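K.L.:
Here you go, one structure.
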Amino acid sequence: MSNMTLRNEAAVFYFQQKKYLVVDNLLCDNYRKPVCDEYLQKSGEKDAQCPVNSDAYYGEPKCEYLLVNTLPKIEKLTGLKLEPTYSYMRVYRPGEELEWHLDRPSCEISATINLGQSGEHDWPIWAAMSDDYTLTKRISLKPGDAMIYRGMEVPHWREKFDAPNEDDWQVQLFLHYVNKHGPHAHHKFDGRAQLTTEPFGEE
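Next comes the structure, spelled out in C-alpha cells:
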C-alpha cells in the first residue's frame, strides 16, 4: 500500500463521492509484467465489444489470482467488503476503440489496470460523472496504474487507438467484484462454482 499516492481514508471519501478513483502503482512490476509478456505471445478470443483489433481473455488462472490477490487493496480503497466475480483482459492494437457503456451486475465494482504498452503513447480511458453524463474526465494510466470505478453507474469508453506505429499495443486487465452486502452479491464468481487461480510473482 505504501506505493499508492492516496491515503486510504482520502481514497474512500473520494470514491464514495465520485464513484471512481485513480490509483498509481496498484499492481507492481513483478505481477503485471509476466502476464503482459505472456499474453502478447498468445491469440485470444474476439469479443463483440471490441471486434476491430484486439484479443480478449476471460478468467485466465493468473488473472484470477490477481483478482483475489488485489481484492484487499480494492476493499481498503473503496471502504467496501467485496466478493470476486471474474477477471478479463484485452490486448488492444491500433484501430480499436471502446464504445460508451455501462457494465453488467457482475462488474459492480471494477478496476481497469494498464499491464503494459509498447511505447510512450497515451491512450486514455474516459469516464462520465454518474450524476451528470455531460461532465467527462480524461484519465491516463501508466503501466501498473488503475482506475477503480462503479461499472454499473459510471459510463466509460476509449476513443480510437491511434498509436504511432501499426504494431503498437496496450494490455489492459479488468478485475471485477460485487459488494458482499449488496443486492448483486449472488454474482460471486460470475455464476461459476469456483475460481481457478495460478499463483505467481512476488511483492
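Letter by letter, the sequence shown follows residues 1492 to 1694 in the working numbering.
Even glycine gets a Cβ: it sits at the ideal position worked out from N, Cα and C.
In this text the structure is predicted, and so the values were computed from the model without any measurement.
1) Who are the Cβ neighbours of E1500 in its own chain at under 8 Å, not counting the five residues just before and after it?
2) Output the residue ranges of the beta strand (DSSP E) runs that lie fully inside the stretch 1513-1587 and measure 3 residues or longer, sorted by chain position.
3) Going by alpha carbons, who is nearest to A1684 out of D1538, Y1505, K1509, G1550?
4) What are the boundary residues of the beta strand (DSSP E) that V1669 is part of?
5) Give a yes or no on whether the C-beta atoms belonging to H1667 and S1609 are separated by under 9 Å.
6) DSSP state of K1679, grouped into three classes?
7) Residues in the same chain with beta-carbon distance under 8 Å from E1693, minus the five sequence neighbours each way, listed in chain order, please.
8) Tell me D1622's beta-bridge partners as DSSP assigns them.
P.N.:
Inspection of the coordinates gives the following:
1) none
2) 1545-1549, 1573-1583
3) G1550
4) 1661-1670
5) no
6) helix
7) N1521
8) DSSP, once it has assigned bridges, lists no residue as partnering D1622.
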